[in-house]
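Peer 1: From first to last, the protein sequence lines are chains A and B. First residue of the first sequence? That's 1 in the working numbering, and the numbers climb one at a time after it. First residue of the second sequence? That's 1001 in the working numbering, and the numbers climb one at a time after it. Positions of the beta carbon are idealized from the N, C-alpha and C atoms, including for glycine.
There are 2 protein chains.
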Amino acid sequence: MPERGPERVTDIGEFGLIRRIGDLVNREGVRSERVTLGIGDDTASFVPRPGYELLVTCDCVVEGRHYLPGKISPLDLGRRAMTLNISDIGAMGGRPLYALISLGLKGDILVQDVEEMYRGFLAELNPFGASIIGGNLTKSGNGMFIDITLIGEVEQGRGVRRSGARPGDVILVTGYPGQAAAGLQLLLRGADDPNILEHPLVKIFNTPSHRARVGETIAKTGLATAMIDTSDGFLGDLGHICEESGVGAELSKEKLPLSDDLREAALRLHRDPYDLFLGDSDDYELVITCRPQDMAPLRSILVQSCPVLLTEVGRITDAASEITLLLSDGGRRPVQRSGWDHFRLTNESKM
Amino acid sequence: MPERGPERVTDIGEFGLIRRIGDLVNREGVRSERVTLGIGDDTASFVPRPGYELLVTCDCVVEGRHYLPGKISPLDLGRRAMTLNISDIGAMGGRPLYALISLGLKGDILVQDVEEMYRGFLAELNPFGASIIGGNLTKSGNGMFIDITLIGEVEQGRGVRRSGARPGDVILVTGYPGQAAAGLQLLLRGADDPNILEHPLVKIFNTPSHRARVGETIAKTGLATAMIDTSDGFLGDLGHICEESGVGAELSKEKLPLSDDLREAALRLHRDPYDLFLGDSDDYELVITCRPQDMAPLRSILVQSCPVLLTEVGRITDAASEITLLLSDGGRRPVQRSGWDHFRLTNESKM
């Protein structure tokens, strides 16, 4: 009798897999009383909360493009894919509520790996009391993909858009952008290093954090004029704010928060750490603008409710769509947003 | 100087493509006053209508699996992908409102083909006053995919589920299920026939119709006990109703509505036309159950507002999950729902 290996999706079929996922979500996920139908009908349904706008975003993670197969655990992959989406809801100042997950799977994937991915989704959703209410499974010939639609809510009129920045506003950024981008480069170059997955920046690439609670708190203050997450890279996303607001920006190079880990990785990678900070990004920090007089109250509210490193890095100007880097010697360098405006590896684009 | 061919996605980049899509959607799509943010921010947002539940569904169409590249125009592909989703909203008795479209594209795809796909999406959405409010673009290595999340609404408590069928209820079906399944088989076998795309059943496969207006009308009557669309095949979906309702079903073989086109195609394909009707399905008819005394009022309401062929094909029984085919000679044949419960070609599964 041939020995049976671990169970694969082809062994239990689609409907078997749906049942397994449904059971796991029921057992380990959160139930919301506003959800009138979850997994298991033609659609899911829910009753929206009066006085709130609904936010909807969708982000897709493709094998070989947004993650490296074998270089991330199914649990972390699930967490990562969900974090990307939570970050978008947070960047509007909202709170995640309901997720629909569309998976393109190879038939030979292990059932336990799919279950671990779902545990990853839930690990990110549960702290918000948010739940998985539906999705779709399909066989995907070559690469796997995880496409998540996340629905959130924000008090009506409180959502923070990209379009509200005004000349004179200060530009703030959370955390240390660029660390995940450096982590990806380390991962790509150190594929043979058995310890590479333990490098702190590789960990940040594989399981990035979102700033959704920070975003929600900021939106409630009503003090931010614009907000965005750094999913297209710091400069790419500051560029989106400039474009949508019809403004420009000046950045002080010496104020940009570079972590020691990033500086060290840049040395190892023979890269300019500022390029890693400004350019590609796979971490999900927030870029926020507000009036100068609102910066102190904003900080003090954040310190009390969700402390985060918040660095003032520049000012909004009236030079439409121009971004200038102010150097420490008094020089000025216009910076290009090109370079990631391509249909290329590791980037996807939110519409 | 080399001659320039038609524009490809790699020529204009992601952000260029997003702009083109945004322009097209603004120009040719419908604008809803409840949408507070459409394409172009971290998320879309809208204000839900008081007294309504929101319905959410997502369905993914993968190249080579759900459609045959080169055998469907980009316009029809867009229409087809959107129809699948509209059908799910309709099967709950709802009305489609907002779509998010996540595309996995090869870099060499023509910009005009992507635009034509969007025209296909809009061709299906516009009649409902429904709009595209967001999405995602990503490069997909091998096969293209179109993953759509569609949000709809239904008056609170009026959604028709799979779980309400009771023993004694009649089973009704719209239209002629099986025609699209036969169309796919004709397409697969007649790949060399230059006229195959003109065959009426191939046309039904490539641009199936949904019954969303019928579903919405039925839900408003409050007379249906259960409803589902035939996306998993007639028997598969009747099976879903049986499972969720804890009931069984008896079907009268001679009452099953087989179209002349289907009978003719079955001859050509050396297939039993009843297998095509009961088994795989790529058309989107509705299976409805209701109390026998409600059938006449239901029919008369439908005749007035959206006429459709509605055939009584059997009864719900108390034999949990058993489906029996009653033959014209008085015989009874239990029918298996297996056969499409696999992780296999041309089927996807809604959770």
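(1) Would you please verify whether the beta carbon of B/R1020 is less than 8 angstroms from any beta carbon of chain A?
(2) Could you name the residues of chain B that A/S252 contacts, counting a contact when the two beta carbons are closer than 9 angstroms?
(3) Is it true that the segment 1239-1255 of chain B meets the segment 1292-1308 of chain B, where meeting means three or more beta-carbon pairs spaced less than 8 angstroms apart?
(4) Can you tell me whether B/A1191 is buried or exposed? The criterion is at least 16 other CB atoms within 10 Å of its CB, across all chains shown.
(5) Under 8 angstroms Cβ to Cβ from B/H1263, same chain only, skipping five residues before and after it: list those, please.
(6) Is B/Q1156 close to chain A? Criterion is C-beta to C-beta, closer than 8 angstroms.
(7) Are the beta-carbon atoms of A/I204 and A/A226 separated by less than 8 angstroms?
(8) When DSSP builds the beta bridges, which residues end up paired with B/L1251?
(9) For the candidate residues B/D1260, B/G1248, B/L1068, whose alpha-carbon lies nearest to that of B/I1171?
(10) For A/S245, count neighbouring C-beta atoms within 10 Å of its own C-beta (all shown protein chains included) and say buried if the count is 16 or more, exposed if not.
(11) Any Cβ of chain A within less than 8 angstroms of the Cβ of B/D1147?
(12) By the DSSP assignment, the beta strand (DSSP E) with B/D1147 in it spans what residues?
(13) For the structure I just gave you, are there three or more beta carbon pairs, one from the segment 324-333 of chain A and one from the segment 198-217 of chain A, closer than 8 angstroms?
(14) Provide the residue(s) that pair with A/T138 in DSSP beta bridges, ordered along the chain.
(15) In the structure shown, what three-state DSSP assignment does A/D41 receive?
(16) In terms of DSSP beta bridges, what is A/F46 paired with?
(17) I think A/V30 touches A/N126, with their Cβ atoms under 8 angstroms apart; what is that distance to the nearest whole Å?
(18) Whether or not the segment 1221-1236 of chain B and the segment 1273-1288 of chain B are in contact is what I'm after, with contact meaning three or more pairs of Cβ atoms, one per stretch, closer than 8 angstroms; do they touch?
(19) Hey, quick one: how far does the beta strand (DSSP E) through A/A320 stretch, first residue to last?
(20) In chain B, which residues lie less than 7 angstroms from A/F46 when you measure between Cβ atoms?
(21) Who are the Cβ neighbours of A/A320 in its own chain at under 8 angstroms, not counting the five residues just before and after it?
(22) With a threshold of 6 angstroms on Cβ separation, who are the neighbours of A/S102 within its own chain once the five nearest residues in sequence on each side are excluded?
(23) Which same chain residues end up closer than 7 angstroms to B/L1345 when comparing Cβ atoms and leaving out the 5 residues on each side of it in sequence?
(24) Helix, strand or coil for A/P297, going by three-state DSSP, please let me know.
(25) Let me know the beta strand (DSSP E) ranges lying completely inside the segment 1240-1287 of chain B, each 3 residues or longer, listed in chain order.
(26) Using a cut-off of 7 angstroms between C-beta atoms, extract the partners of B/A1249 located in chain A.
(27) Is it right to say B/V1173 is buried, meaning 16 or more other beta carbons lie within 10 angstroms of its own, or is it exposed?
(28) I'd like the list of long-range same chain contacts for B/Q1156, defined as Cβ closer than 8 angstroms, with 5 residues on each side in sequence excluded.
(29) Would you list the residues sitting across from B/I1204 in a DSSP beta bridge?
(30) Considering only residues of the same chain and omitting the five flanking positions on each side of A/L223, which have a CB-CB separation below 6 angstroms?
(31) If we call anything under 8 angstroms between Cβ atoms a contact, is B/L1302 one with B/T1217?
(32) For a quick check, are the C-beta atoms of B/L1150 and B/T1221 less than 8 angstroms apart?
(33) At which residues does the alpha helix (DSSP H) containing B/D1011 begin and terminate?
(34) Compile a chain-ordered list of the residues in the segment 228-245 of chain A whose CB is closer than 8 angstroms to at least one CB of chain B.
(35) Using a C-beta cutoff of 8 angstroms, does B/I1089 count as contacting chain A?
(36) In terms of alpha-carbon separation, which member of A/E28, A/P48, A/A123 lies closest to A/T36?
Peer 2: Reading it off the structure:
(1) By 1-based counting over the second sequence, the position of residue 1020 of chain B is 20. Chain A contact via Cβ: absent.
(2) Here residue 252 of chain A refers to the residue found at position 252 when the first sequence is read from its first residue. Neighbours of A/S252 on chain B: none; closest Cβ ~25 angstroms, over 9 angstroms.
(3) no
(4) Walking along the second sequence from the start, residue 1191 of chain B turns up at place 191. Under this definition B/A1191 is an exposed residue.
(5) The sequence position of residue 1263 of chain B within the second sequence is 263, counting from 1. As written in the sequence, residue 1263 of chain B is Arg, which differs from the His given in the question. Around B/R1263: P1273.
(6) For this step, residue 1156 of chain B is matched to residue 156 along the second sequence. Chain A, which has a Cβ nearer than 8 angstroms to the Cβ of B/Q1156, makes this yes.
(7) Within the first sequence, residue 204 of chain A is the residue found at index 204, counting from 1. Within the first sequence, residue 226 of chain A is the residue found at index 226, counting from 1. Going by C-beta atoms, A/I204 is not nearer than 8 angstroms to A/A226.
(8) Your numbering for residue 1251 of chain B matches position 251 in the second sequence. According to DSSP, B/L1251 bridges with B/G1314, B/L1325.
(9) Numbered from 1 along the second sequence, position 171 holds the residue referred to as residue 1171 of chain B. The option with the nearest alpha carbon to B/I1171 is B/G1248.
(10) Start at 1 with the first residue of the first sequence, and residue 245 of chain A comes out as number 245. The residue is buried, with at least 16 neighbouring Cβ atoms inside 10 Å.
(11) Numbered from its first residue, the second sequence carries residue 1147 of chain B at position 147. It does; some Cβ of chain A falls within 8 angstroms.
(12) Taking the first residue of the second sequence as position 1, residue 1147 of chain B is located at position 147. It spans 1145-1155 - the beta strand (DSSP E) in which B/D1147 sits, taken as one unbroken run.
(13) no
(14) Position 138 of the first sequence, counted from the start, is the residue given in the question as residue 138 of chain A. The partner list for A/T138 (beta bridge, DSSP) reads A/G104.
(15) As a position in the first sequence, residue 41 of chain A is number 41, starting the count at 1. Coil, per DSSP.
(16) Translated into the one-based positions of the first sequence, residue 46 of chain A becomes position 46. A/V35, B/L1054.
(17) Sequence index remark: in the first sequence, residue 30 of chain A carries index 30 (1-based). Sequence index remark: in the first sequence, residue 126 of chain A carries index 126 (1-based). Between A/N126 and A/V30 the Cβ distance is about 5 angstroms, and since that is below 8 angstroms, they are a contact.
(18) yes
(19) Here residue 320 of chain A refers to the residue found at position 320 when the first sequence is read from its first residue. No beta strand (DSSP E) holds A/A320; DSSP gives it neither H nor E.
(20) In the first sequence, the residue the question calls residue 46 of chain A occupies position 46. Going along chain B in sequence order, the residues near A/F46 (Cβ under 7 angstroms) are E1053, L1054.
(21) Position 320 of the first sequence holds residue 320 of chain A. Answer for A/A320: C242, G246, V247, G248, listed in chain order.
(22) Here residue 102 of chain A refers to the residue found at position 102 when the first sequence is read from its first residue. Here the set comprises G135, N136, D147.
(23) Here residue 1345 of chain B refers to the residue found at position 345 when the second sequence is read from its first residue. Unreliable placement is indicated for B/L1345, whose pLDDT of 35 sits below 50; the coordinate value is still reported in the next sentence. R1065, listed in sequence order.
(24) As a first step, residue 297 of chain A is located in the first sequence; it is residue number 297 there, counting from the start. Here A/P297 sits in helix by DSSP.
(25) 1248-1252
(26) The residue labelled residue 1249 of chain B in the question sits at position 249 within the second sequence. Neighbours of B/A1249 on chain A: none; closest Cβ ~18 angstroms, over 7 angstroms.
(27) Indexing the second sequence from 1 puts residue 1173 of chain B at position 173. Buried, since its Cβ has 16 or more Cβ neighbours within 10 Å.
(28) On the second sequence, position 156 is the one that residue 1156 of chain B refers to. Closer than 8 angstroms at the Cβ level, and outside the excluded window around B/Q1156, lie G1051, Y1052, E1053.
(29) Numbered from 1 along the second sequence, position 204 holds the residue referred to as residue 1204 of chain B. BP columns for B/I1204 are empty, so no partner.
(30) Translated into the one-based positions of the first sequence, residue 223 of chain A becomes position 223. Around A/L223: C290, D294, L298.
(31) Here the question's residue 1302 of chain B lines up with position 302 in the second sequence. Here the question's residue 1217 of chain B lines up with position 217 in the second sequence. Closer than 8 angstroms, so yes.
(32) Taking the first residue of the second sequence as 1, we reach residue 1150 of chain B at position 150. Taking the first residue of the second sequence as 1, we reach residue 1221 of chain B at position 221. In this structure, B/T1221 does not lie closer than 8 angstroms to B/L1150 by Cβ.
(33) Taking the second sequence and counting its residues from 1, the one referred to as residue 1011 of chain B is at position 11. It spans 1009-1028 - the alpha helix (DSSP H) in which B/D1011 sits, taken as one unbroken run.
(34) I228, D229, E244
(35) Locating residue 1089 of chain B in the second sequence gives position 89, where the first residue counts as 1. Yes - at least one Cβ of chain A is within 8 angstroms of the one on B/I1089.
(36) Against the first sequence, residue 36 of chain A aligns to sequence position 36. The shortest Cα separation from A/T36 among A/E28, A/P48, A/A123 belongs to A/P48.
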